[in-house]
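Just so you know, the sequence shown maps onto residues 1 to 326 in this note's numbering. For every residue, glycine included, the Cβ atom is placed at its ideal position computed from N, Cα and C. Here is the structure we will look at, set down as structure tokens.
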Amino acid sequence: MNTIRIGMFGFGTVGSNIAKILFHHRKEIEKKFPHTNITVKYIAVRNKVSSIEKAKHAGIEISEDIFTENHNDIWNDPEINCIIEVIGGTGLAKDIIYKAIETKRNIITANKAVLAESGNEIFSLAKENNVKIGYEASVAGGIPIIKTLKNHFAIGSVTRIEGILNGTCNYMLSNLENNPLLSYADVLHDAQEKGFAESNPSADVDGWDTAAKISILSSICFSQKIPKTTDFPVEGIANITAKKIADAQKDKKKIRLIASATQQNTSIDIRVEPEEISQNSPFYSVNGADNMIIIHHEYLGQIVLKGAGAGGEATAMSIISDILEL
Ligand SMILES: NC(=O)c1ccc[n+]([C@@H]2O[C@H](COP(=O)([O-])OP(=O)(O)OC[C@H]3O[C@@H](n4cnc5c(N)ncnc54)[C@H](OP(=O)(O)O)[C@@H]3O)[C@@H](O)[C@H]2O)c1
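As structure tokens, this is what we get:
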């Protein structure tokens, strides 16, 4: 029996949906994975009372004792062999990942910021300590891109990977297209109100979130270390005006924030920049908060993946797929 005892840090958009899906699909998981036994032992949160309320509100009938404000409940429990980090940020989240490796627990994270910053060291330490790292959720939320690249594209060469990897930016650009009277500030405000953009939206609109994701993808496609996001050109959408959108529309084009990594003779060209997309490109059909990734492979030609690049349920599905692979 593969016994997985989970200690999870965070019960926000992603964390609460992991608990919800594991709870609601417990019987289905038992049936489809009869040799795997999954238990969530603790969920570390900042505020236990509000988290219990949140769980009740979402219809997740888990014991109140699962929630803890004391991280040591997780670290001191010798049965816990899997840490899920869904706190976000690069401070505490990074400490949690390092401690999980040090204490020889497998780790699953949705945190592209930490991986882009410290992934090389994390993967190397994990290997030394024989610890698995699941990070499917760190790029494009619910789209199964990491496993697809590692498994299906393992043989032969990927020549280029390109994508729309930030749902917030795509939502804002689509909104500008559909509502010519709105300004950049209006669509940013709307994205914040709908919960797509953070109150400090810089990571999204300045392109750094997209850059972190293409760094991770590039490292897998081209079997290289995770490139530093400061080592390649990154431009976001902050300079996109309603006029630029209207001018593109006159030429039957759309503006999209595109990340790409392309094999050159002896190097990989990586960039993040807004591009004018014509009607014959698959990217033209990507509207709202969706993501799309196009992989170019020497034998497969062009493979396109499109779907929910963010959102609690979609992202939780990627985490659960990582749990089931342990
Ligand atoms: N949301 C998405 O659609 C999405 C998609 C792909 C990847 N991700 C990644 O997933 C991760 C989590 O994102 P999210 O949207 O779920 O974030 P979130 O909604 O802000 O949730 C973060 C959670 O972490 C908790 N937390 C913060 N500091 C803590 C501490 N010291 N101890 C215990 N818990 C603490 C927060 O508690 P409080 O509620 O008390 O503050 C909250 O429950 C991030 O790395 C993000 O980049 C998210």
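Asked                                                                                                                                                 : Found
Could you check how far apart the C-beta atoms of SER258 and ILE164 are, in whole angstroms? I think they sit under 8 Å.                              : Correcting the residue type first, residue 258 is Ile in the shown sequence and not Ser. Right, their Cβ atoms sit about 7 Å apart.
Can you tell me the Cα-Cα spacing of ASN151 and ALA55, whole angstroms?                                                                               : 36 Å
Could you tell me if the beta carbon of ILE123 falls within a distance shorter than 7 Å of some heavy atom in ligand 1?                               : One point to set straight first is that residue 123 is Phe, not Ile, in the sequence displayed. No, since every heavy atom of ligand 1 falls outside the 7 Å radius drawn around the Cβ of PHE123.
Under the criterion of a Cβ to heavy atom distance below 7 Å, does ILE87 qualify as lining ligand 1?                                                  : yes
Compute the distance between the beta-carbons of ILE226 and CYS169, then report whether it is under 8 Å.                                              : no
Which runs of the alpha helix (DSSP H), 4 residues or longer, sit entirely within the stretch 128-209?                                                : 167-178, 184-193 and 202-205
If you draw a straight line from the C-alpha of THR68 to the C-alpha of ASP77, how long is it?                                                        : 13 Å
Tell me whether ARG46 counts as near ligand 3, meaning its Cβ is closer than 7 Å to at least one heavy atom of that ligand.                           : Absent from the structure shown: ligand 3. Ligands present: ligand 1.
Mapping the DSSP letters down to three states, classify LEU115 as helix, strand or coil.                                                              : helix
Any idea what DSSP makes of ARG105, helix, strand or coil?                                                                                            : coil
Give me the Cβ distance between VAL86 and PHE9, rounded to the nearest whole Å; I'm assuming they're in contact under 8 Å.                            : 7 Å
Using only alpha-carbon positions, find the residue among GLU28, GLY288, ILE107 and LYS99 that is nearest to GLU325.                                  : ILE107
Within 7 Å: the Cβ of ASN111 and any heavy atom of ligand 1?                                                                                          : yes
Which of the three DSSP states, helix, strand or coil, is assigned to LEU326?                                                                         : coil
Determine the burial state of ASP251: buried for a count of at least 16 other Cβ atoms within 10 Å of its Cβ, exposed for fewer.                      : exposed
Considering only residues of the same chain and omitting the five flanking positions on each side of SER157, which have a CB-CB separation below 6 Å? : GLU298
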